Amino acid sequence: MDRPLTDRQIVDIANELARVYYKRLGYEVPFGYRFDKAIHPQEIALFDMACIAFDVLRETSVMDALSNFEDGE
């Protein structure tokens with residue numbers, strides 16, 4: 016059985032997934048770019064799509080992990 020992911024890992028993977036989606040649209044952002052902090056509507060939508068994918072595939076809320084992760088900073 017897979018070990019549970021930490022909140023930080025969940026947020027990082029969701030950002031990486033959004034980065035992959037963005038690249039499929041022909042755009043690139045620097046490594047480490049935080050889609051969860053984006054202000055551009057398209058980037059926000061891509062992060063939302065990554066959150067949906069996480070919820071469907073892992074039954075995990077990225078937004079809960081993000082909230083927990085940010086509360087711990």
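The opening residue of the sequence shown carries number 16 in my numbering; numbering runs sequentially from there.
In this text, a Cβ means the ideal position worked out from N, Cα and C, and glycines have one as well.
None of these values were measured; they are calculated from a predicted model.
| Asked | Found |
| --- | --- |
| Let me confirm a value: Tyr42 is counted as buried when at least 16 other C-beta atoms fall within 10 Å, else exposed. Which label applies? | exposed |
| For the alpha helix (DSSP H) that Tyr37 lies in, which residues bound it at each end? | Asp22 to Arg39 |
| Closer than 8 Å is the cut-off here; do at least three beta carbon pairs connect the segment 17-25 with the segment 52-60? | no |
| My output table needs one value for Ser89: the three-state DSSP class, helix, strand or coil. | This structure gives no information on residue 89, because the portion of the chain shown stretches from 16 to 88. |
| Should Phe46 be labelled buried (16 or more other beta-carbon atoms within 10 Å of its own) or exposed? | exposed |
| Identify whether Arg114 lies in helix, strand or coil by the three-state DSSP scheme. | An answer regarding residue 114 cannot be provided, because it is not within the stretch 16 to 88 covered by the chain. |
| In terms of residue numbering, what span does the alpha helix (DSSP H) encompassing Arg73 cover? | Pro56 to Arg73 |
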